[in-house]
Structures are given as C-alpha cells and as structure tokens.
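Notes to accompany the following structure.
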Ligand SMILES: Nc1nc2c(c(=O)[nH]1)N[C@H]1C(S)=C(S)[C@@H](COP(=O)(O)OP(=O)(O)OC[C@H]3O[C@@H](n4cnc5c(=O)[nH]c(N)nc54)[C@H](O)[C@@H]3O)O[C@H]1N2
Ligand SMILES: Nc1nc2c(c(=O)[nH]1)N[C@H]1C(S)=C(S)[C@@H](COP(=O)(O)OP(=O)(O)OC[C@H]3O[C@@H](n4cnc5c(=O)[nH]c(N)nc54)[C@H](O)[C@@H]3O)O[C@H]1N2
Ligand SMILES: [Mo]
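Numbering (UniProt numbering), first residue to last: 1 to 773.
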C-alpha cells in the first residue's frame, strides 16, 4: 500500500475529538487506544491547564468501582458510630444498595420527618446543566422525601453575601454586572487590588468558560499606562502582565490599611465630598470614628502602618495617587474568608466611595473581580438551561459553614443575620457533588461531628475522605462518561457535551441513581417526568431556544445544536449594571438598601448589636497574631493545579507535588532560621492538628507567612487517633471552625496560625488515592 493511502486510512479510522466542557474551560476530547486525549477550545486565548488532570484521572484506581456499604452500618443498622471513617467497607450490588438506602430514607422521612435530613450538599460538582449534582439531589429530596434542611450562602463569599444586601444591594449584580475586564483594559488609571486577581483563580468558572480573557485585559491596561498595585502577602496574586507594584501586608490587616488611606484622603481634603453627600448615608458617623473622635484613636497612616507592615509614607503616597484618578478598588473573596471578614468588604466600599468613582467605567468597587471567570464579563441575553428543583417542604436552613456545629450542637441557638436560630436535629446527611473533607475547617472536629449521625450517604466518582466516612457510597459517573449541555450565564458559548468514554466500573449517573431511589419511595414518575437523559437535554435546551426565538434570533433545533461545536449566545451590553444606573440617576434608580444609597453606616446592622460586626466598618483588632508556639500565619488559598480537591489524583495536580505531597511556600529567611531547605518535607501544626507538606522557598512571600493551598486529599496516618497527622498536606486540619461573625457566620478557612518544622522522621506512605482495603 502506498504511503499516502496508509496515512489516509489512518486518518479515516481516527476517533474525532468531540466537544465537552468543565469548570476550568471548554475543550474537546477523544479516546485513542484506551487513552484519553484532551485539547483546549480553539477560540480560547489563554487555556487552563487544569483540563490536563482528566487523562490520568479517568481510569485511576482512586475511582469507585461499585456500591459500598460500611461494615458496622450493614451489620448493626443506622446510628451514631465512632467507627465512621475507620471501618471496613462491604461491596454490594446496586439492587442491595438502593434497597437499603430507600428503606433508610423512608425510615427517617416517616419517623422523624424531612427536617431530619440534611441535604445542603454544598460543593462544586461538575459542569453540565442537567447532571449538576446539587440540582439532582435537591430535586430528588424535594420530590421523594418532602424536602430537606438546606444550607444558605457559600464557602466562597459567606460574609459578603450577607453583608452586601444591607449596604449596597444585590450581591450577584455587584460581582457579575459591574466593572468589567473590557472597562479595565480601556478606562482604569489605577487598580488597587487587595488580595490580588491571581490568574490561577480567574481560570476557573462554575459551569463553563470558553475564553480566558483576564491576562490579556491586564496586559492591555498596563500597556496603556494603567497602574496596578497589589496588596497581598503573596507577590504572585497579580500576573507579570499587570506589571504591578507589590505592597506586602500582614494577613488580616487590610481593613486598617484602607482606613489609613481614607484618613489621609480626609485630612488632606482629597476625598470626594460631593459623592459622599449625594450617594452615601452615614458618612458623618463613620468620619468621627475615622478621625478618632469616638474612640480617641485616629485611624491615620501611622496607626495603619503599625498594624499592616506597610509604611506610613507608602500609605500617604498611595492615597495621593488614588485621588482624582479613574481608580478601581478590588477586594478579593479571600479577605472575607477569615474572622471579621465583613470588615474589609465594607471598608473597601467606603474607600471606593471616598474616591468618588463608584459607577464610572473602569472605576469604583470591583468586589471579587478576578476571583472566578464569571466576574467582570457580560451577561447572556437569554436564559441558560436550568433543571427545576421542585418545592422544598422544609423551611429550616443553616449557614453553610456551620455544618459541624449543627451536628455537634443540635437544639442549641446561634445568631445569623440579626436572628436567633436553632440548630436542627439531623439524622441523615446526604451528599452528592461536594467534599466537606475538602471545604470545611478543623477536620478533626468534622470527623467527630459525622460520628453523631444515623447515616451518611455519599455519591462520588472517587474515594475522597468524605466517601471514606460514609455509610453508603454510591459510585457516580465522571462528566466525560455522560452527555449534557454546558453553559454559564456569563459565557456566550452553549456547549454540547458529548460522552467521551463509557462509565467506569459500575458507576451510574446521579440522575439514574436518584430515579431508582425515587421509585423505591414511590416518586419515580414525579422525579423523572418520564424523560430519558436525552429527552431531558432536549427539554432543557428548549428554554434557551425559546429565548432566542423570542428575540427573533436564529434558534437552531436541538439536533442542529447537538451536531455543532457550540452555539454562541447573544450577550447584554457592558453597561456597568445597577451601580452605573444609580450613579447616573440616584432618584430614579435607588439602591435596594434602607436609605436607597451606599450605606457607610447601617442602622439595621447596628440594631443587631453584634460585638463582632458593628454598624459601620470597624477595626476589630488583629485576629491572626503569631506567638511562640505558632509563629507563622498560614494562608490556605485556592490551588493552581486543580479546582479544590477535584481530580487531585490527575496528572497536572500530581506533577506539582513533592514526594507525593502538597507544596507549601515560605520565605528564604524564615526557612533558613529553621534549617529548612528547598525540597524538604515540613510539618505544620497547631492545637487543632498537623500535616506534612513539601516546601519551596521564595522572596515573593511576606516574612512570617507560609502558604499551603487547599485540595490535597485528607490522608490520616492513623485514623484511629483523635488528631492524626495528615501526611498529604490538607491545610484544613489546621484551620479553625468558627464563623466570620454573628452577622454572617461565613467560612474562615483562609487564615490561621501554625508552627513549622523540618520533618526528619521516616516519610509515611501516601494512601489518599488507594481505595479502602
Ligand atoms: N482552608 C480553606 N478551605 C476552603 C477554602 C479556603 O480558601 N481555605 N475555600 C472554600 C471555597 S471558596 C470553596 S467553594 C470550597 C469548595 O469545596 P467543594 O466544592 O466541596 O470542593 P470540590 O473539591 O470541588 O468538591 C466537589 C466534589 O464533587 C465531586 N464530583 C464531581 N462531579 C460530580 C458528579 O457529577 N456527581 C457527584 N456526585 N460528585 C461529583 C468531586 O469528585 C469532588 O469530590 O472549599 C472551601 N474551603
Ligand atoms: N485554580 C483554581 N481557581 C479557583 C479555585 C480553585 O480551587 N482552583 N476556586 C474558585 C473558587 S470556588 C473561589 S470562591 C475563588 C476564590 O477566590 P479567592 O478567595 O480570592 O482566592 P484565594 O486563592 O483563596 O485567595 C486569593 C489571594 O488572597 C491572598 N490573601 C489571603 N489572605 C489575605 C489577606 O489577609 N490580605 C490580603 N491582602 N491578601 C490575602 C492570598 O495570597 C491568596 O492567594 O477561586 C476560584 N478559582
Ligand atoms: Mo468558592
């Protein structure tokens, strides 16, 4: 056979790449000789390498092969049990697993009522509008069990979500329809970013993202002459392309720094009095506090310098540089994921208001810009497909990060957003699409909390620590093993997500699992509405198609859409959202706050009388103060090589580890003082627990600070101990399980204090990715 014919023959036999999407980007994939190949979407200017976790993950031994039931639960029935997370598992058939679980759900539902089921099931699960695990589990619990205790707010923005409606208005609008990357590229003169806008973070978007635009936008802005100033303990929180100045600050001190800047503006008469007068309420009360008239302490640059580690001179110069410019103040989510996390969010708004820039293109307050790729973009003009979740018959809820408190303190009261509430008595917890052993703080406490239940059910694609602590473990498909529609309300590309590989082992779709369970609870028809998966996709697609048709736009039918590479939806104008409208005409477009203005003082919040969240931004003293036994501040931020804990066993994530462990960053000098060198294994510890990590040394981190990203799977050396050493590097064995304040009760996982030592003992084996024996 001539060579060219052979080549042709090969080409014909080649499996085509087919489109799919993920939280980390649109891509296409195919299987060749049992190996998965992925390549990023051709239209993406700056693809995210996290998609490279898929190939090794797809058939990894960490995947769950078949349904499993915990031995003691199987033998003794449901009930509180210390052995959760330490016990053996018994493989069972799907039939048996679903019979047992259907029976248990009926027992709890009929015996204690749906209010004894916690179905918050917080977590990012996978992209795909139909197989979205949270939508599936909530729909199932509503339809088949009469509802569930839910969770409100998120680990991402637990304090800002409660605070912002009191002081500005709609949280979603503030983050998603406000200052955009297009405006920054064109208009901003100075961008002051507290916590930065790290590209590692904005590479991710829940649902899908077809174009990663952040790097390019910062580069264009910098080339035009826009100045970026980064306030962070880590220099890498802005990309090289931003050409930023770096102000290294003490973690947790941003509120003081902002106050020092505003104080300088005020005493030098550089604040925008007309703006404050017209668009804000409560400034005079705050100004008295700022100037020290109420507490005897002026919040001046000298005062701020002592708290923040940024010199008074730098603070004064920065204040002068900001005044009169098209200035954008950015405050990252991370700042509010710490005790008193409400304060920097509120004070950031006050700083932006004092500069008078709120509502102008490229200026004002870009809260959370750069944290995720759905901020700073345009909204779609038509609805994206959404699965209806039905009606929840239970009104009770908890703030999401109070999950361990709920289980450890049933019947006790707590404060939340001005209310005194009571923790419910939960018997059964059901999780699909989240990993509390990733997201929650003080994991040794969480382990204890999970011993108190009758039953923990987990749907997972792999043996996470959460799955290991469950009584019933049901293996679910990975996104690549099913068909779906990918979309995000801030990304124009609607993606036909084709199945690339058959399900692993006996794994089934969450939908199929819930449908069979619903049958056992007498609700199959209501749950499935008689539709197959493909019929559901057609049904959901119709929402978007109808939206397009209504606008008189070409609206391909499902089959045409399915055959294509993705359909580009129309988007709304980049109009600055409600803050621009408010600025242009505050009488016609008041903010949905009690005063209709930006609330520098909030009577409502003041009336709650919470000592840890007074009526205006307040410096409540440093929280994360190193001492002799814990001399370092630990930053546990988002990981660069994966999304949270997802596919930690994938190739890209594993390649970033050192001797199989997560890598921490510390300053050269701090390391030298402790005899620690590049590439060593270190032990981080405090009163709550300890973990091992690899270490890399840098001068891009502040002295006295150590950084260890989240996401390494919890891997206890000896699970029978009360506070076992995590040998893999999960920082949540160290973080404290306490709310941001009585106002918001948000997650405080970002910061804590720790001891750091070189680890010279024999290195314990990593077993996080081995299935249980
Ligand atoms: N210390 C500290 N802790 C933190 C943070 C921090 O800054 N510091 N950040 C917090 C933040 S912002 C967040 S959002 C949380 C994130 O916490 P999570 O959202 O809980 O973390 P993920 O690892 O994304 O968990 C998703 C899980 O769903 C599984 N999954 C994926 N697809 C499917 C599916 O189709 N079906 C089912 N059943 N399961 C699926 C994955 O395997 C994974 O285990 O973590 C928080 N925790
Ligand atoms: N690659 C990747 N991207 C992600 C995620 C992921 O898991 N992986 N998770 C996504 C999710 S769910 C969310 S909510 C967002 C989270 O967005 P963020 O919460 O903003 O992200 P983090 O990486 O936790 O923190 C950003 C930076 O804040 C800095 N920082 C920490 N404490 C302080 C402080 O007190 N002061 C100052 N000035 N800076 C501080 C840290 O150096 C850190 O790198 O990220 C999203 N993007
Ligand atoms: Mo998040």
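All C-beta atoms, glycine included, are put in the ideal place defined by N, C-alpha and C.
Report whether the distance from the Cβ of residue i to the nearest heavy atom of ligand 3 is below 6 angstroms.
i, result
"residue 122", "no"
"residue 375", "no"
"residue 155", "yes"
May I ask which residues mark the beginning and end of the beta strand (DSSP E) holding residue i?
i, result
"residue 488", "484-488"
"residue 635", "632-635"
"residue 197", "First-last for residue 197: undefined, no H or E at that position."
"residue 329", "327-331"
"residue 451", "Note, residue 451: premise wrong, no beta strand (DSSP E); alpha helix (DSSP H) at 443-451."
"residue 705", "705-707"
"residue 70", "68-70"
DSSP beta-bridge partners for residue i?
i, result
"residue 614", "The partner list for residue 614 (beta bridge, DSSP) is empty, contrary to what the question assumes."
"residue 24", "According to DSSP, which records beta bridges pairwise, residue 24 is partnered with nothing at all."
"residue 188", "Answer by DSSP bridge pairing: none, since residue 188 is not bridged."
"residue 231", "194, 247"
"residue 686", "689"
"residue 29", "18, 38"
"residue 599", "281"
"residue 726", "691, 716"
"residue 364", "328"
"residue 419", "416"
In whole angstroms, what is the alpha-carbon distance linking residue i and residue j?
i, j, result
"residue 93", "residue 473", "12 angstroms"
"residue 8", "residue 560", "For residue 8, the pLDDT reaches just 45, beneath the cut-off of 50, and the residue's location in the model is therefore unreliable, leaving the point undetermined."
"residue 25", "residue 211", "8 angstroms"
"residue 104", "residue 78", "8 angstroms"
"residue 385", "residue 47", "25 angstroms"
"residue 567", "residue 487", "10 angstroms"
"residue 146", "residue 101", "16 angstroms"
"residue 181", "residue 405", "40 angstroms"
"residue 496", "residue 76", "46 angstroms"
"residue 450", "residue 335", "29 angstroms"
"residue 662", "residue 441", "18 angstroms"
"residue 134", "residue 645", "17 angstroms"
"residue 72", "residue 707", "39 angstroms"
"residue 295", "residue 289", "7 angstroms"
"residue 723", "residue 282", "48 angstroms"
Would the C-beta of residue i count as close to ligand 2, meaning under 6 angstroms from any of its heavy atoms?
i, result
"residue 647", "no"
"residue 778", "Since the displayed the chain opens at 1 and closes at 773, residue 778 lies outside it and no answer follows."
"residue 171", "no"
Which class does residue i belong to by DSSP, given the choice of helix, strand or coil?
i, result
"residue 434", "coil"
"residue 567", "strand"
"residue 165", "helix"
"residue 216", "helix"
"residue 641", "coil"
"residue 653", "helix"
"residue 398", "strand"
"residue 413", "strand"
"residue 80", "coil"
"residue 543", "helix"
"residue 387", "coil"
"residue 245", "strand"
"residue 156", "coil"
"residue 498", "coil"
"residue 149", "strand"
"residue 428", "strand"
"residue 625", "coil"
"residue 175", "helix"
"residue 580", "helix"
From what residue to what residue does the alpha helix (DSSP H) around residue i run?
i, result
"residue 755", "Per DSSP, residue 755 belongs to no alpha helix (DSSP H); it is in the beta strand (DSSP E), 751-758."
"residue 527", "524-528"
"residue 478", "Element bounds for residue 478: n/a, residue is neither H nor E."
"residue 130", "Looking at the DSSP string, residue 130 is not in any alpha helix (DSSP H), and its letter there is neither H nor E."
"residue 273", "273-279"
"residue 344", "342-354"
"residue 322", "312-322"
"residue 54", "54-58"
Does ligand 1 have even one heavy atom less than 6 angstroms from the beta-carbon of residue i?
i, result
"residue 150", "no"
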